[in-house]
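Residue numbers (my numbering): 334 to 480.
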């Protein structure tokens, strides 16, 4: 499947699964992946897969990344440089959707609680999207931009 087709499928699935997804016209774009025209402003939406922190970004094996703080942080950091490009397009709000086939949680005895995880980013919202479990987790972010 081509990357653009995969992004469209993920976007459509996310839109149906996220009850607070804003109404508006959604169009495919190159960078960001989608632009949602909502009321009088635009939301730029970038889609990526959860990456293993210790593997190259374009690893052809597509392993399922373990759901760890480090892997989420690495995935966000890999997309941060694109924010400068988005801002030149006069887009006011930026979302990042990090998809994974399923969220592979750490061992049962580990002290895991997503609510304790906070990430510093220029994205206004960051979501972890478990495709098969139909779960959407909004990531807590600090240094949140105005808008």
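Each residue gets a CB set at the ideal place from its N, CA and C atoms; glycine is no exception. Note that this is a predicted model, so its numbers are computed, not measured.
Between residue 409 and residue 451, the gap from beta carbon to beta carbon reaches 8 Å or more. Just measuring C-alpha positions, the residue of 377, 379, 380, 404 sitting nearest residue 386 is 404. Residue 473 has 451 as its beta-bridge partners, per DSSP. Across the set 377, 457, 422, the C-alpha of 377 shows the shortest separation from the C-alpha of residue 360.
Check the Cα spacing between residue 423 and each of 373, 470, 460, 412: the tightest is with 373. Residue 345: not part of any beta strand (DSSP E); member of the alpha helix (DSSP H) spanning 336-350, first to last residue. Here DSSP, grouped into helix, strand and coil, assigns residue 421 to helix. When DSSP states are grouped into helix, strand and coil, residue 383 belongs to the coil group. Between residue 431 and residue 462, the gap from beta carbon to beta carbon is short of 8 Å. Setting aside the 5 residues that flank it on each side, residue 354 is surrounded in the same chain by 348, each with a C-beta closer than 6 Å to its C-beta; the list follows chain order.
Counting along the chain, no beta strand (DSSP E) covers residue 467, and no H or E run does either. Take the alpha-carbon of residue 370 and the one of residue 433: they are about 26 Å apart. Within the same chain, Cβ atoms closer than 8 Å to the Cβ of residue 418 are found at 364, the five residues on either side in sequence being excluded. Spatial neighbours of residue 464 in its own chain (CB-CB distance under 8 Å, excluding positions within 5 residues in sequence) are listed in chain order as 343, 346, 432, 433, 434, 435.
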